[in-house]
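Remarks on the structure that follows.
Number of protein chains: 2
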Amino acid sequence: MGSAGGFIRNTKWQIAMESLIIIKIGGNIIDDEKSLHSFLQSFSSIDGKKILVHGGGKLATQLAQKLGIEQTMIDGRRITDAETLKVVTMVYAGYINKNIVATLQANGCNAIGLSGADGNAMLAHKRNHPTIDYGFAGDVDTINTDFLSALLEKNISIVFAPITHDKKGQLLNTNADTIAQELAKGLSKQYTVTLIYSFEKAGVLLDINDESSVIKTINWEYYQQLKPSPSGAGGKIFAGMIPKLDNAFTALNNGVNKVIIGKAEKLKELINGSSGTTIKNE
Amino acid sequence: MGSAGGFIRNTKWQIAMESLIIIKIGGNIIDDEKSLHSFLQSFSSIDGKKILVHGGGKLATQLAQKLGIEQTMIDGRRITDAETLKVVTMVYAGYINKNIVATLQANGCNAIGLSGADGNAMLAHKRNHPTIDYGFAGDVDTINTDFLSALLEKNISIVFAPITHDKKGQLLNTNADTIAQELAKGLSKQYTVTLIYSFEKAGVLLDINDESSVIKTINWEYYQQLKPSPSGAGGKIFAGMIPKLDNAFTALNNGVNKVIIGKAEKLKELINGSSGTTIKNE
Numbered sequence: 004m005g006s007a008g009g010f011i012r013n014t015k016w017q018i019a020m021e022s023l024i025i026i027k028i029g030g031n032i033i034d035d036e037k038s039l040h041s042f043l044q045s046f047s048s049i050d051g052k053k054i055l056v057h058g059g060g061k062l063a064t065q066l067a068q069k070l071g072i073e074q075t076m077i078d079g080r081r082i083t084d085a086e087t088l089k090v091v092t093m094v095y096a097g098y099i100n101k102n103i104v105a106t107l108q109a110n111g112c113n114a115i116g117l118s119g120a121d122g123n124a125m126l127a128h129k130r131n132h133p134t135i136d137y138g139f140a141g142d143v144d145t146i147n148t149d150f151l152s153a154l155l156e157k158n159i160s161i162v163f164a165p166i167t168h169d170k171k172g173q174l175l176n177t178n179a180d181t182i183a184q185e186l187a188k189g190l191s192k193q194y195t196v197t198l199i200y201s202f203e204k205a206g207v208l209l210d211i212n213d214e215s216s217v218i219k220t221i222n223w224e225y226y227q228q229l230k231p232s233p234s235g236a237g238g239k240i241f242a243g244m245i246p247k248l249d250n251a252f253t254a255l256n257n258g259v260n261k262v263i264i265g266k267a268e269k270l271k272e273l274i275n276g277s278s279g280t281t282i283k284n285e
Numbered sequence: 004m005g006s007a008g009g010f011i012r013n014t015k016w017q018i019a020m021e022s023l024i025i026i027k028i029g030g031n032i033i034d035d036e037k038s039l040h041s042f043l044q045s046f047s048s049i050d051g052k053k054i055l056v057h058g059g060g061k062l063a064t065q066l067a068q069k070l071g072i073e074q075t076m077i078d079g080r081r082i083t084d085a086e087t088l089k090v091v092t093m094v095y096a097g098y099i100n101k102n103i104v105a106t107l108q109a110n111g112c113n114a115i116g117l118s119g120a121d122g123n124a125m126l127a128h129k130r131n132h133p134t135i136d137y138g139f140a141g142d143v144d145t146i147n148t149d150f151l152s153a154l155l156e157k158n159i160s161i162v163f164a165p166i167t168h169d170k171k172g173q174l175l176n177t178n179a180d181t182i183a184q185e186l187a188k189g190l191s192k193q194y195t196v197t198l199i200y201s202f203e204k205a206g207v208l209l210d211i212n213d214e215s216s217v218i219k220t221i222n223w224e225y226y227q228q229l230k231p232s233p234s235g236a237g238g239k240i241f242a243g244m245i246p247k248l249d250n251a252f253t254a255l256n257n258g259v260n261k262v263i264i265g266k267a268e269k270l271k272e273l274i275n276g277s278s279g280t281t282i283k284n285e
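Just so you know, the sequences run in chain order A and B. Count along the first sequence from 1, then add 3; that gives the number in the working numbering. Count along the second sequence from 1, then add 3; that gives the number in the working numbering.
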């Protein structure tokens with residue numbers, strides 16, 4: 004097709020669908036006030052439509068400890084009993100969410116904080132696991148794209164807390180990675196969506212101990228070589244990355260344009276492609 | 004003019020401005036789960052545009068106690084140090100706000116929970132008192148009527164938590180009565196606003212010990228007879244009602260159509276005028 008054909012396709016694409024950047028920040032950023040403020044400054048300076056999804060960091064665990072509410076984690080997931088749900092609702096949808104929104108406003112970025120109950124933004128159901136009772140943990144069913152895009156069209160950035168609801172009056176603790184993925188998939192019908200997962204590493208590493216071994220781009224074909232064989236043998240990348248990458252390809256298979264994995268501190272570089280790992284479906 | 008003239012005026016009014024009902028619920032309703040659920044059912048069944056403003060009840064005080072954060076009240080106002088601000092942000096904007104929104108959604112009422120930081124809905128400044136340091140307490144400057152009316156026009160009911168911000172990144176604890184009044188005044192340019200203050204009494208009472216002594220209607224002229232003389236002598240109503248009534252007349256002098264004071268349990272009767280005290284400016 005050559006560059007002229009590519010140029011025309013790109014132009015048409017841009018006219019048809021506006022860009023939307025969805026960024027998930029991990030707990031390590033939220034736990035460090037200086038890092039968080041610096042990240043929120045970078046986030047504010049991004050042109051165009053954007054959504055921030057935040058987890059809870061250590062604050063919920065610390066508050067639960069102070070209140071004498073025992074916390075149980077299974078495979079990195081919090082077992083959410085009624086008292087723990089109270090704590091995460093207070094910390095995630097209250098303290099963290101409103102402080103992020105106030106800081107964005109101070110940086111000139113008009114933002115709104117949402118839980119899944121607000122505007123019926125995200126509907127979920129209580130997890131039904133054959134062997135483990137996760138308590139009030141939510142698995143996402145649908146998102147309210149009309150409501151979310153109406154806010155984005157008013158140039159209001161959305162700050163999503165990892166709390167959803169079941170429309171029967173029950174709030175549900177919901178994984179922030181999943182929330183980011185669901186928002187990305189659901190909104191990709193209206194926008195060209197870039198989904199950014201930020202975490203403590205510089206990207207997907209060929210050598211877990213070498214921060215300079217970041218893989219620049221991973222497509223489906225390359226991913227088959229990188230991951231362990233179905234028997235679990237071999238594999239060139241850290242096993243902990245596999246769920247993140249599986250998630251990324253699920254998003255790409257559901258209309259998301261691009262997934263980037265890297266350090267929140269390098270937000271601008273992640274967006275312009277000079278840092279982190281870009282996952283693409285082609 | 005006669006009834007025909009009145010009818011014509013009323014008709015024009017209804018075409019020009021839609022009705023908006025703003026209801027402030029007090030802590031006694033929030034503290035009692037059954038009362039709250041019953042109130043939220045009534046609220047959901049109100050036709051048309053509506054806003055709910057909630058206080059915090061005893062939950063914030065209880066949480067502060069559990070965390071060993073000492074609470075100081077001066078004239079019924081909480082002194083908000085940094086740790087207390089954390090607590091009220093968690094309880095008001097997190098736990099209470101999101102549970103109210105989830106319950107409204109379950110009742111088929113599409114609602115969104117807001118603090119003043121969300122969508123820059125309500126801007127305030129840290130109270131500057133000559134003798135008392137109220138800490139992070141906010142006095143309201145402006146409300147974002149464009150944002151709020153855009154939500155109302157989408158038939159989304161607003162649930163406002165008593166937390167505002169200063170657009171410099173600081174959240175502020177703000178009196179819920181004041182928030183309700185500011186919303187009512189600011190939105191009265193676009194809507195015919197009825198402001199309802201619900202509390203534990205049936206209305207403004209002639210005899211504080213007799214719940215059947217509710218005064219049906221108070222206008223400015225009658226209020227002059229009811230309240231104590233400038234010297235503080237006399238007066239037919241309980242002195243504690245004076246600030247509420249002064250607030251009501253301030254609202255009426257700033258475009259609010261009607262103020263009703265009464266019991267939250269009687270929401271429908273308050274709206275149709277068969278319960279509570281109606282304050283009018285004519």
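Glycine is no exception: its CB is placed at the ideal position from the N, C-alpha and C atoms. Computed from a prediction, not measured in an experiment: that's the story for all the values here.
With a threshold of 8 Å between beta-carbons, can Ile159/B be considered close to chain A, or not? For Ile159/B, the answer is yes, since a Cβ of chain A falls inside 8 Å of its Cβ.
Please return the same chain residues whose Cβ sits closer than 7 Å to the Cβ of Gly265/A, not counting the five positions on each side in sequence. Ser201, Ala205, Gly206, Leu273, Ser278, Gly279, Thr280
Below 8 Å between beta carbons: does that hold for Ala120/B and Lys101/A? yes
Could you work out which residues of chain A lie near Ile274/B, taking near to mean beta carbons separated by less than 9 Å? Going along chain A, no residue has its Cβ under 9 Å from Ile274/B, so there is no contact; the nearest lies around 24 Å.
Return the CA-CA distance between Lys1/B and Phe241/B, expressed in angstroms with no decimal places. In the structure as shown, chain B begins at 4 and stops at 285. Residue 1/B is therefore absent and cannot be evaluated.
With a CB to CB cut of under 8 Å and the five nearest residues on each side skipped, what residues in its chain are close to Ala214/B? In the sequence on display, residue 214/B carries Glu and not Ala. Hits under 8 Å: Lys204, Ala205, Leu208.
How far does the alpha helix (DSSP H) with Asp213/B in it extend, from its first residue to its last? Note, Asp213/B: premise wrong, no alpha helix (DSSP H); not H, not E.
Can you check whether the C-beta of Met93/B is within less than 8 Å of a C-beta belonging to chain A? yes
Assuming the contact rule is C-beta atoms closer than 8 Å, Gly58/B and Gly30/B should be a hit. Round their C-beta distance to whole Å, please. 5 Å
Asp34/B CB to nearest heavy atom of the ligand PLP below 7 Å: Ligands are entirely absent from the displayed structure, and the ligand PLP is therefore not among its contents.
Using the C-alpha atoms, what's the distance from Lys239/B back to Gln108/B? 43 Å
Tell me which residues of the stretch 55 to 66 of chain A have at least one Cβ-Cβ distance to chain B shorter than 9 Å, keeping chain order. Leu66
Is there a Cβ of chain B sitting closer than 8 Å to that of Thr106/A, yes or no? yes
Determine the direct distance from the alpha carbon of Ser160/A to that of Ser48/A, and round the result to whole angstroms. 12 Å
Indicate whether Ala105/A and Val162/A have their beta-carbon atoms separated by less than 8 Å. no
Give me the chain B residues within the contact set of Leu155/A, using Cβ-Cβ distance strictly less than 7 Å, ordered along the chain. Correct list: empty, because the minimum Cβ distance to chain B is about 12 Å.
Length at least 4, wholly inside the stretch 132 to 212 of chain A: the alpha helix (DSSP H) runs in chain order: 148 to 156, 179 to 190
Pull up the distance between the alpha-carbon of Lys247/B and that of Gln184/B, whole angstroms please. 10 Å
So, does the stretch 126 to 135 of chain A touch the stretch 71 to 81 of chain B, judging by three or more C-beta pairs under 8 Å? no
Name the two residues that bound the continuous beta strand (DSSP E) containing Leu107/A. Where Leu107/A is concerned, there is no enclosing beta strand (DSSP E), although the alpha helix (DSSP H) it sits in stretches over 100 to 109.
At the 8 Å Cβ level, is Lys37/A part of the contact set with chain B, yes or no? no
Three or more C-beta pairs below 8 Å linking the stretch 122 to 131 of chain A and the stretch 186 to 200 of chain B: no
Under the three-state DSSP convention, the category Gly265/A falls into: Of the three classes helix, strand and coil, the one that applies to Gly265/A here is strand, per DSSP.
Val56/B vs Ala153/B beta-carbon contact at 8 Å: No. Outside cutoff.
Does the beta carbon of Leu286/B come closer than 8 Å to any beta carbon on chain A? Outside the displayed span of chain B (4 to 285) sits residue 286/B, for which this structure offers no information.
Report yes or no: is there a C-beta of chain A within less than 8 Å of the C-beta of Asp142/B? no
Are Leu151/A and Leu190/A close, meaning C-beta to C-beta below 8 Å? yes
Could you please tell me which residues of the stretch 115 to 129 of chain A, in chain order, have their CB closer than 7 Å to any CB of chain B? Ile115, Gly116, Ser118, Ala120, Asp121, Gly122, Asn123
Would you list the residues sitting across from Val56/A in a DSSP beta bridge? Note: Val56/A sits in a beta bridge opposite Lys27/A, Phe163/A.
What are the residues of the stretch 167 to 200 of chain B that lie near chain A, defined by any Cβ-Cβ distance shorter than 9 Å? His168, Asp169, Lys170, Lys171, Gly172, Gln173, Leu174
DSSP three-state call for Thr92/B: helix, strand or coil? helix
Here's the rule: buried if 16 or more other CB atoms are within 10 angstroms of the residue's CB, otherwise exposed. What is Lys15/B? A caution first: Lys15/B carries a pLDDT of 48, below 50, which makes its placement in the model too unreliable to give a value.
Assuming Phe42/B contacts Cys112/B under a Cβ cut-off of 8 Å, what Cβ separation, rounded to an integer in Å, is found between them? About 12 Å separates the two Cβ atoms, so there is no contact after all.
Taking 8 Å as the CB-CB limit, is Ala109/A close to chain B? Judged by the 8 Å Cβ criterion, Ala109/A is in contact with chain B.
In angstroms, rounded to a whole number, what distance separates the CA positions of Lys171/A and Gly243/A? 35 Å
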